[in-house]
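Undergrad:
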Amino acid sequence: MVTVDVAAARGKQSSSRVSEEGAGWEGQQVGAFQGLRPNKESFTWLNPRTLWRSRNEILAGLLGDPSAEVRRRWVASQRENGADADFRIVKELGPDFSFLVIGDTGEGDASQYAVVPGLLRLGADTSFAVIASDVIYPTGAAADYCDKFFRPFKDYDAPIYAIPGNHDWYDGLGGFMRVFCGSKPLAVQREGFRLSPHGLRGLLWKKPEPIDEAALADAWEFRGRPSQQAVQPAPYWVLDLGRLLVVGIDTGIRGSLDREQGEWLKHVSADPRPKILITGKPIYVRDDHKPCPIEGGGTVDEIVTDPEHNYLAAIGGDVHNYQRFPVKVGDRVIQYIVSGGGGAFMHDTHTIPRVTRVPEDAFKCYPLRGDSLSFYSLLYSRRFRMKWLYLTPDEGLALMSARVGNAPPRDLTESTPITSRMKWAARILGAWPFPLRLPVGRVFHRFLSELSDWDTPPFFKSFLHISVAGDELRIRCFAATGCLAQELNPPLEDEIVIPLPA
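See the structure below:
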């Protein structure tokens, strides 16, 4: 068995920061992940039925988000059924242990299954895994769990816990609560139509889908071994690992906490032991600070930054790439991480500006901005048959280094002067100042970035391997490109070592 330390040493020498091959570029053999897929169907957002099933995101923004009230009902039901008062899951793992964090997994097509071989290889000795946001696309329905959760993770021989993302909430959290908490559906609350935003929302809102219990039982057979079983007490919880607490919060559709969950978070955070927060929405992303409001006042980030609460890191999903902001708070540093590369289409990194929240050289992302620019140029040059739009990986790195003002994070294979043609391509792709751009970046992130989905390598997917050993907490970001070379030797794209009390 290859230990993760040996694998990490090898992975660091074969990452996208070392070579184009490490990034998964041209001429490589497609990985064995294709054999894991139940079929060759591709999940697509460019389907009116998929978009209609996902309408609750827009309705919540226009007509109000009922998630807080529904969450309170789920939590009350769990308490009535005997859930731990603090929603605490105690795991006795000993002083040294490791676990995985995977964000935004559930498309069920090539981009999700491409993550599986490397995850199984490096996660063989881990004690559990956590899915951080959007377990199932598009709506979190129980009917989709077979090929988007149970089947892809059938060979991961440890429990999997999860926090819901906005897509899991489009089904009223029914599928999520049934699978992860063993909960029965909530009683349907029917209201007559009223001429008001609330009444209109009730008329248009997507209702939870009925659960086919027989089909779900068949799906469960994929993860039916005793070593894989886990029941969590609620959609938010705290994993008590002895030397470390992992706190998972449910940010609903719109990225906020209800009052009851906010009070719970303050309560469990008062424990002086070191902690990692897992959240459905990242607190720092694309050089923006999104502190996550709590109903009634205050924010999640105020709790995280309070020195008495001893948070070491905050990891969020939702955005489909990897980013890390080491933010100095007083005399300590908190690692704010975006880890949403677990299976859905990639959100670009090349439109992330030179960061100001932390020193640019301290900021890390995967894919590299230059690789992101090169891939999107390839994608759109093919879709629109505009050969001049394509930028090679070297050209992408050279352009992004000039734009951001830093040294290329990977050595260029040859001298790459920046031409007028390259600048025009970068403008249209959102990497250079220009009012017109294709569907990438900040403006298109919420509604049109689905146009950027694809099903051929490189995928630029990633997952986290987190370990506690001796006096260190180590967080590693490993890549999955969909190429066989990276399946056998997953590239190590980033690594953070944080001191722990002895």
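Residue numbers for the sequence shown follow the UniProt record's numbering, so the first one is 1 and each next one is one higher.
Ideal placement from N, C-alpha and C gives every residue a C-beta, glycine not left out.
These numbers come from a predicted model, not from an experiment.
Looking at the unbroken beta strand (DSSP E) that takes in I337, where does it start and where does it end?
TA: Residues R332 to S339.
Undergrad: Is it buried or exposed for N39, if we count other Cβ within 10 angstroms and need 16 for buried?
TA: The residue in question, N39, is exposed, as its Cβ has fewer than 16 Cβ neighbours within 10 Å.
Undergrad: Would you mind reading off the limits of the alpha helix (DSSP H) that contains R369?
TA: Its alpha helix (DSSP H) spans residues R369 to R383.
Undergrad: Where does L203 fall in DSSP's three states?
TA: In the structure shown, L203 sits in a helix (DSSP, three-state: H, G or I).
Undergrad: Can you tell me whether G11 is helix, strand or coil according to DSSP?
TA: In this structure, G11 counts as helix in the three-state DSSP scheme.
Undergrad: Under a three-way DSSP split, which group does R88 fall into?
TA: Strand at R88.
Undergrad: For D240, which option in R332, D306 and K91 has the closest C-alpha, if you only look at C-alpha atoms?
TA: Nearest option by C-alpha distance: K91.
Undergrad: Have a look at R73, A141 and G317 and flag the residue whose alpha-carbon is nearest the alpha-carbon of I211.
TA: Minimum Cα distance to I211 is reached at A141.
Undergrad: Can you tell me whether A313 is helix, strand or coil according to DSSP?
TA: Three-state result, A313: strand.
Undergrad: Buried or exposed, going by whether 16 or more other CB atoms sit within 10 Å of the CB of F434?
TA: Exposed is the call here.
Undergrad: The alpha helix (DSSP H) that contains R259, what's its start and end?
TA: R259 to S269 is the span of the alpha helix (DSSP H), which, as asked, contains R259.
Undergrad: Sorted by chain position, which residues of the same chain lie with C-beta nearer than 8 Å to E414's C-beta, five sequence neighbours on each side aside?
TA: Closer than 8 Å at the Cβ level, and outside the excluded window around E414, lie D394.
Undergrad: Between the alpha carbons of S381 and G202, how many angstroms are there, rounded?
TA: Each residue's Cα considered, the two are about 43 Å apart.
Undergrad: Once you ignore the five residues that flank residue 562 on each side, which residues in its own chain have a CB closer than 6 Å to its CB?
TA: This structure cannot speak to residue 562, because the chain is shown only from 1 to 502.
Undergrad: Which residues does DSSP list as the beta-bridge partners of S98?
TA: S98 pairs with S467.
Undergrad: Rounded to a whole number of angstroms, what is the C-alpha to C-alpha distance between T305 and G430?
TA: About 33 Å.
Undergrad: Quick check on DSSP: helix, strand or coil for D212?
TA: It is coil, neither helix nor strand.
Undergrad: Express the C-alpha separation of R79 and L379 in angstroms, rounding to a whole number.
TA: Roughly 49 Å separates the two Cα atoms.
Undergrad: Classify N321 as buried or exposed, calling it buried when 16 or more other Cβ atoms lie within 10 Å of its own Cβ.
TA: Result: buried.
Undergrad: Leaving out five residues on either side along the sequence, give the residues of the same chain with a beta carbon under 7 Å from the beta carbon of F150.
TA: Excluding sequence neighbours, F150 sits near A219, W220, F222 and R223.
Undergrad: Pick out the complete beta strand (DSSP E) segments inside the UniProt domain "Calcineurin-like phosphoesterase" (98-183), 3 residues or longer, and give them in chain order.
TA: If we require 3 residues or more, the beta strand (DSSP E) runs fully inside the UniProt domain "Calcineurin-like phosphoesterase" (98-183) come out as 129-132 and 160-163.
Undergrad: Report the three-state DSSP secondary structure of E414 (helix, strand or coil).
TA: In this structure, E414 counts as coil in the three-state DSSP scheme.
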